[in-house]
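Asks: Letter by letter, the sequence shown follows residues 36 to 198 of our numbering. Every residue gets a Cβ at the ideal spot worked out from N, C-alpha and C, and that includes glycine. Keep in mind that this is a model prediction, so the values were computed, not measured.
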Amino acid sequence: MHGTPRPSATPAQALSAMDHLIAAHLIGQQELARRLGLNVTDLTCFAFVLEAGDELLTAGDLAARAHVTTGAVTGILNRLERAGYVTRRPDPADRRRVRVAAVPAAVTRVEAVYAGHYQRLTALFCDYSPEQLAVITDWFTRATALAHEYLEKLNRNDPAEEC
36 MHGTPRPSAT
46 PAQALSAMDH
56 LIAAHLIGQQ
66 ELARRLGLNV
76 TDLTCFAFVL
86 EAGDELLTAG
96 DLAARAHVTT
106 GAVTGILNRL
116 ERAGYVTRRP
126 DPADRRRVRV
136 AAVPAAVTRV
146 EAVYAGHYQR
156 LTALFCDYSP
166 EQLAVITDWF
176 TRATALAHEY
186 LEKLNRNDPA
196 EEC
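#1: Check whether the Cβ atoms of A98 and G119 lie closer than 8 Å to each other.
#2: Measuring straight from C-alpha to C-alpha, what distance separates T143 and E197?
#3: Find the nearest neighbour of T105 within the set L112, G95, R114 and N113, judged by alpha-carbon distance.
#4: Where does L92 fall in DSSP's three states?
#5: Helix, strand or coil for R191, going by three-state DSSP, please let me know.
#6: What's the C-alpha gap between E146 and R155?
#7: Quick check on the DSSP output: the alpha helix (DSSP H) that includes D105 runs from which residue to which?
#8: Taking the DSSP output, what are the residues bridged to A137?
#9: For V121 versus L115, is the C-beta spacing smaller than 8 Å?
#10: Closest to Y149 by C-alpha separation, out of S51, L78 and L56, would be which residue?
#11: Just tell me which of R130, H152 and A182 has its CA closest to the CA of A59.
#12: Specify, as a first and last residue, the run of the alpha helix (DSSP H) that G63 falls within.
#13: Apply the 10 Å Cβ neighbour rule to C80 and answer buried if 16 or more other Cβ atoms are within range, or exposed otherwise.
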């Protein structure tokens, strides 16, 4: 597969397209979270639990990934546990810590809500050549790192540091 030829674009056009994508996904995440009986932050944290798979996260791991305090993550885990999305398990290596595991029935519910969208995204990615997908993946990876760096700068709230 060679991929479909694309028209040229400027950085400003790419930035505008990205802004529209982010807005659409934020609105979509809010709707999906609502349908699942969660808020967006809780759904995001559940996604981190799913991504970790068998390497169960600690509450501290989850707080770091979500850029929230350990106190805030306790509230998030309480809500996720009450809603039947996660369970807490003692850490076998350190009894002071707990690990967070996804409840299989909740995984099935979330996958069902996302399945159609992910199928359409996969079909869209299939319209690109392997070389183009490499560029797209590189861009997503690097843009995510920039976003995390920006968020860390914002969280430091240092007036001398340019955001």
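Replies: Quick answer:
#1: Cβ distance not < 8 Å, so A98 and G119 don't count as in contact.
#2: Between T143 and E197, the C-alpha separation is close to 43 Å.
#3: Taking the Cα of T105 as reference, the smallest distance to any Cα among L112, G95, R114 and N113 is reached at G95.
#4: L92 carries a strand assignment under DSSP once its states are collapsed to helix, strand and coil.
#5: Here R191 sits in helix by DSSP.
#6: Distance between the alpha carbons of E146 and R155: 14 Å.
#7: The sequence given here has Thr at residue 105, not Asp. T105 -> alpha helix (DSSP H) spans T105 to R117.
#8: The partner list for A137 (beta bridge, DSSP) reads V121.
#9: Yes; because the gap between Cβ atoms is below 8 Å, this pair is in contact.
#10: It is L78 whose Cα lies nearest to the Cα of Y149.
#11: The closest CA to that of A59, considering only R130, H152 and A182, is found on H152.
#12: Run containing G63: P46 to R70, per the alpha helix (DSSP H) assignment.
#13: By the neighbour-count criterion, in which 16 or more other beta carbons inside 10 Å mark a residue as buried, C80 falls on the buried side.
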